[in-house]
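Residue numbers (our numbering): 418 to 518.
Set out below in structure tokens:
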């Protein structure tokens, strides 16, 4: 038997671990987090559109971190840095620079 808490999609509360590094204290649900992240990503898109980058710059670790900071920096304090905790996304945090470097 499944418990029904009456939550609709997006109302999933964020747990304390998920909130670690969150810069906006009023965010309490997954939907609110998604909305703030989307706004930040749109700002990053406005920054990058029309700019010209050399291939070696785009493929550099520094560029990836800078882009990540622009995409999430208004929402997360850790934006632009490698993960410091493990999430269930398939790659251990210590393997990120190797796996994607």
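The beta carbon of each residue, even a glycine, is placed where N, CA and C say it ideally should be.
Determine whether the beta carbon atoms of residue i and residue j lie at a separation below 7 Å.
| i | j | result |
| --- | --- | --- |
| residue 441 | residue 488 | no |
| residue 486 | residue 496 | yes |
| residue 480 | residue 474 | yes |
Ends of the alpha helix (DSSP H) at residue i?
| i | result |
| --- | --- |
| residue 487 | 478-489 |
| residue 443 | No alpha helix (DSSP H) contains residue 443, which DSSP labels as neither H nor E. |
| residue 434 | 433-436 |
| residue 475 | 472-475 |
State buried or exposed for residue i, treating a residue as buried only when at least 16 other CB atoms are found within 10 Å of its CB.
| i | result |
| --- | --- |
| residue 444 | buried |
| residue 493 | buried |
| residue 450 | buried |
| residue 453 | buried |
Shortest alpha-carbon distance to residue i belongs to which of the options?
| i | options | result |
| --- | --- | --- |
| residue 501 | 429, 437 and 471 | 437 |
| residue 461 | 431, 498 and 490 | 490 |
| residue 448 | 429, 478 and 465 | 429 |
Round the Cβ separation of residue i and residue j to the nearest angstrom and send it over; I've been treating them as touching at under 8 Å.
| i | j | result |
| --- | --- | --- |
| residue 446 | residue 456 | Not confirmed; about 16 Å, so no contact. |
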